[in-house]
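K.L.:
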Amino acid sequence: MLKIAICDDEDYFCGWIKDMLQEYMKSKGTVYQIDTFLSGREILDLGIELNRYHVIFLDINMEDMDGLAAARRIREQNREVFIVFVTAFADYCMEGYKVDAVRFLLKDSRNMQKQIDECMDAIHDKMAEEILWRDFSFVEGKKRVPLDCLLYIESKKHKLEFH
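Have a look at this one:
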């Protein structure tokens with residue numbers, strides 16, 4: 069399941085981005101969960117639970133704590149999460165590279181869906197590259213298993229169960 073967080077201090081934009089992400093996920097047949105947060109502090113208050121997200125969409129210009137400050141704090145505990153900045157201001161583009169943002173999307177109603185689709189395609193491609201697969205050979209044939217999903221292998225009467 070792909071877990072996504074959206075953090076924007078304007079409820080309208082949280083809903084707008086969520087709707088576009090849901091449309092994308094449904095078109096790809098992806099199982100997903102999307103949570104919304106209205107401030108940088110709110111998302112950071114999750115603490116270690118923040119690590120459950122694969123992708124975080126952050127607005128840069130927020131009242132309580134701006135998205136760049138939140139991204140720096142997120143990076144202190146998680147280098148793997150994909151951070152996407154969504155903002156109306158292009159001035160902060162260079163700052164996004166300092167926190168290894170995967171994309172910088174401008175809030176533009178004309179082509180926002182296209183931007184989100186392209187961004188999520190790129191994230192899916194990067195995620196597919198990072199998955200390590202292991203092939204297991206048996207008398208009955210081969211079994212290919214993604215190692216990040218494998219908890220353990222149990223042997224029961226000469227049969228292997230993959231958990």
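Counting with my numbering, you get residues 69 to 231 for the letters of the sequence shown. From the three backbone atoms N, C-alpha and C, an ideal C-beta is built for every residue, glycine too.
1) Distance, Cα to Cα, residue 228 vs residue 204?
2) Specify the secondary structure class of residue 175 as computed by DSSP and reduced to three states.
3) Exposed or buried, which one is residue 151 when buried takes at least 16 other CB atoms within 10 Å?
4) Name, in chain order, the residues that DSSP records as bridge partners for residue 73.
5) Could you check the C-alpha separation between residue 142 and residue 170 for me, to the nearest Å?
6) If you draw a straight line from the alpha carbon of residue 115 to that of residue 105, how long is it in whole angstroms?
7) Classify residue 183: buried if its beta carbon has 16 or more other beta carbons within 10 angstroms, exposed otherwise.
8) I believe residue 108 touches residue 137 by the beta-carbon criterion, under 8 Å. Please report the beta-carbon distance rounded to the nearest angstrom.
P.N.:
Based on what the coordinates show:
1) Within the sequence shown, numbered from 1, the residue matching residue 228 stands at position 160. Within the sequence shown, numbered from 1, the residue matching residue 204 stands at position 136. Rounded to whole angstroms, residue 228 to residue 204 spans 11 Å at the Cα level.
2) Indexing the sequence shown from 1 puts residue 175 at position 107. Three-state result, residue 175: coil.
3) The residue you call residue 151 lines up with position 83 of the sequence shown. The residue in question, residue 151, is buried, as its Cβ has 16 or more Cβ neighbours within 10 Å.
4) Mapped onto the sequence shown, residue 73 falls at position 5. Answer is 103 and 124, bridged to residue 73.
5) Within the sequence shown, the letter at position 74 stands for residue 142. Within the sequence shown, the letter at position 102 stands for residue 170. Cα to Cα, residue 142 sits roughly 14 Å from residue 170.
6) Mapped onto the sequence shown, residue 115 falls at position 47. Mapped onto the sequence shown, residue 105 falls at position 37. Between residue 115 and residue 105, the C-alpha separation is close to 14 Å.
7) Position 115 of the sequence shown, counted from the start, is the residue given in the question as residue 183. Per the 10 Å Cβ criterion, buried.
8) By 1-based counting over the sequence shown, the position of residue 108 is 40. By 1-based counting over the sequence shown, the position of residue 137 is 69. The beta-carbon separation of residue 108 and residue 137, rounded to 6 Å, stays under the 8 Å limit for a contact.
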